[in-house]
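For reference, the structure is listed below as structure tokens.
Numbering (full-length UniProt numbering), first residue to last: 1 to 848.
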């Protein structure tokens, strides 16, 4: 029942709609006219939040992490729903009867999901994907179905951007997911047929069933399953499911317009001119609810431009008219890069197309050029889109080099083939906020010498973030040395954060950021600090207290997530050693839980396909036969590979197996900036491939040669000799110092090879520190490692001993307490064994 209120408020400007664009307008106008009062009326319970990154809410379930910045004191937020607008008296009436009087009114009501008119679209099993509340509703619905039936099947109607994001969210929630798209390809507005086919295959490989060219006809109750429904696709068949999610486009929220006497656009939305004025002088419209010259736009960039135009016009400093916006988009959908820019579907006579298509690696790239082949008109990128940030600003301009070099994989396109220096000052660097290269350079000239200060001064990079690499490139082009700040919340480098944490002893993220950082932290600094805390306090468990919330998914689940949402289980097998009893139990576990088994390149047995709720049961059985976590999920020591050594090999010069076991048991669980690996070869024949490892040890007649800084990263490198003919104890001391120095000084996610080559003075300086103790810190580094060895505990054993930690390992609140393996198997094409119907990749972090 509607409540009646006599409350009347007044404001200079009233904004209806508290989304991203409404927030942007209020921020700009409040800064330009701090003496004016602004009231924002918002229908959601949350303040304005980042709807572009809505999918990041899934899993974190932290609403505040998406909230936009605090608005100035002259802005008031009223929770409520505007019921009517009375232009003749300049009033907005809320549903509860409150009245707000204004001088100027701005509609920023955004859009609503489009719900097709098909029978059954009002059933309780039908959901939307648009708001935080929608995602909470989906989570509850999936959990409810799983609690009743043990599994959930969901269908997303709509294969565009929002539809694929919804499918991604449902898959993370644990639902078997289908996507239904009426067009003959996914994302029909962004990619062409060839790109759509490749995207189709990539999404299906991730476990999502795709139905294109399929028109939904009806949603009816499923007589065979309580609470289930059937989606009728006509001649394309039918899908039995538990949930249907509509994500088939949007429509402007313009319902307040007709009664207020406002004209609407031909396809909805408040009709405006190019200054965003409606048919009533004192009323403006911005964002997705505005039909500028009859056109509506569903991206945040044009909405931000409209917000600036109206804010400055009302503040008395008008901006140029709204121009048809750049509709370029760059996305990462379910791990697949997709980008389109410029006129991606240009069909002008004489235009030229340049294609690169690699179905093996899943990459498709297309550039559209004018008849001369020199001017870029548009393009499409699928599977690999690193060149997007350079290509988009070049649209409409003559290319400064060979267009093939921009997208050919061997050219390093997007990084150095044609640098940002080649862009003219008029090139648009940030399309979201309409920032040109010239504006960025002007800001640099005024003292903005870091990415963070450029973002604050120009707003470039503050929305989708795809232009941040260009900001770095412009700074470098101006000869300005770049900060190594971890993220916008900390001005310090990772090495500096390590030193601060070590000096202060602070191991609480909230206390640390309050004292040395700013804001609430992000997905970069939180796991970085969690790793530092773990390195310095080996006696603490990674899931103790707030530290559990700082971890990334792998560390939080103590398992490496695979592409289908299951986890790998990889117990430690020092130097490849394993007992017969342990082998038998691993085989039994694989059978009992339907897991795929694989011998890894690091001489370990891996089990793939474990569900979240199965992990504690599996690890309890492994621990009972004397095994422990191999930490294949962490940024830490992975394994120490070994040859068979002097016990069996007639060429062996030292006991490589014993040394490999000693090293693995010493450095196991050591958290570091990135994963690191070791290898020990018993002679120069190098059967353990030690020089391909971060730390390699090769036996000689006199002892051991120690090699450092090799790995199989993006640019594989052989390790380099640090010291030769070392006895056992000296070898251990040097490795202690090397690992400790690396952990102290490397950047976030920097492998030893990159650290070693970029370190001032390179390997020579590192040798001075490690071997000659040039900095006088050798004893400190050795104590640091000794403390780790003394306090090491197996993370999984400690987890199983703590009921609160074990309680984390459920897929859903009401998940069953006992394992219920559901993985189906098929015969391997080569015979002799069975594998899961959808075999997981070995790891999302290469090189277990």
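Yeah, the Cβ is synthetic: ideal placement off N, Cα and C, and Gly gets one too.
query                                                                                                                                                                                        : result
Just the Cα atoms here: how many angstroms apart are residue 765 and residue 771?                                                                                                            : 10 Å
Which residue spans inside the region 165 to 250 form an unbroken alpha helix (DSSP H) run of at least 4?                                                                                    : 193 to 205
Would you list the residues sitting across from residue 398 in a DSSP beta bridge?                                                                                                           : 375
Determine the contact status of residue 739 and residue 670, defining contact as a CB-CB distance below 8 Å.                                                                                 : yes
Could you round the C-beta distance between residue 79 and residue 42 to whole angstroms and report it? I think they count as a contact, below 8 Å.                                          : 6 Å
Assuming residue 474 and residue 440 are in contact, meaning their beta carbons sit under 8 Å apart, how far apart are those beta carbons, in whole angstroms?                               : 5 Å
Taking the beta carbon of residue 326 as the centre, do at least 16 other beta carbons fall within 10 Å, making it buried, or is it exposed?                                                 : buried
From 603, 750, 629, 653, pick the residue whose C-alpha is nearest to that of residue 679; which is it?                                                                                      : 603
Measuring only the C-alpha atoms, how far is residue 485 from residue 426?                                                                                                                   : 29 Å
Quickly, what does DSSP pair residue 643 with across the bridge? List them, please.                                                                                                          : Answer by DSSP bridge pairing: none, since residue 643 is not bridged.
Taking all protein chains shown into account, do 16 or more other C-beta atoms lie within 10 angstroms of the C-beta of residue 157, making it buried, or fewer, making it exposed?          : buried
CB residue 533 to CB residue 516, shorter than 8 Å?                                                                                                                                          : no
Return the Cβ separation of residue 198 and residue 214 in integer angstroms, given the expectation that the two are a contact with Cβ distance under 8 Å.                                   : About 19 Å; that fails the 8 Å criterion.
Applying the criterion that 16 or more other CB atoms from any shown protein chain within 10 Å of the CB defines a buried residue, is residue 526 buried or exposed?                         : buried
Tell me where the beta strand (DSSP E) around residue 9 begins and ends.                                                                                                                     : 8 to 16
Which whole-angstrom value is the C-beta distance of residue 104 and residue 12, which I expect to be below 8 Å?                                                                             : 7 Å
Compute the Euclidean distance between the alpha carbons of residue 632 and residue 587, then round it to the nearest angstrom.                                                              : 19 Å
Give every residue of the same chain whose Cβ lies closer than 6 Å to the Cβ of residue 184, excluding the five residues on either side of it in the sequence, and list them in chain order. : 212, 213
Comparing C-alpha positions only, which one of 756, 801, 18, 755 sits nearest to residue 44?                                                                                                 : 18
Considering residue 355, what are the terminal residues of the beta strand (DSSP E) in which it resides?                                                                                     : 352 to 358
Taking the beta carbon of residue 128 as the centre, do at least 16 other beta carbons fall within 10 Å, making it buried, or is it exposed?                                                 : buried
Check the DSSP bridge columns for residue 325 and list the partner residues they point to.                                                                                                   : Answer by DSSP bridge pairing: none, since residue 325 is not bridged.
Could you tell me which of 468, 370, 402 sits nearest to residue 389, measuring between CA atoms?                                                                                            : 468
Report the rounded CA-to-CA distance for residue 46 versus residue 113, giving the unit in angstroms.                                                                                        : 19 Å
How many angstroms separate the CA atom of residue 512 from the CA atom of residue 705?                                                                                                      : 41 Å
Could you give the distance in angstroms between the alpha-carbon of residue 538 and the alpha-carbon of residue 806?                                                                        : 20 Å
Who are the near neighbours of residue 674 in its chain, counting only those whose CB is closer than 7 Å to its CB and skipping five residues on each side?                                  : 635, 749, 750, 751
Taking just the CA atoms, how far does residue 71 sit from residue 9?                                                                                                                        : 19 Å
Return yes when the Cβ of residue 301 is within less than 8 Å of the Cβ of residue 269, no when it is not.                                                                                   : no
So for residue 627, helix, strand or coil by DSSP?                                                                                                                                           : coil
Contact defined as beta carbons within less than 8 Å: I believe residue 364 pairs with residue 140. What is the distance between those atoms, to the nearest angstrom?                       : That belief does not hold up - the Cβ atoms of residue 364 and residue 140 are roughly 38 Å apart, past 8 Å.
Give me the Cα-Cα distance between residue 799 and residue 542, rounded to the nearest whole angstrom.                                                                                       : 10 Å
How many angstroms separate the CA atom of residue 14 from the CA atom of residue 264?                                                                                                       : 20 Å
Could you tell me which whole alpha helix (DSSP H) segments of length 4 or greater appear in the region 426 to 452?                                                                          : 437 to 445
Name the DSSP beta bridge partners of residue 569, please?                                                                                                                                   : 607
Using the beta-carbon count (16 or more within 10 Å), is residue 330 buried or exposed?                                                                                                      : buried
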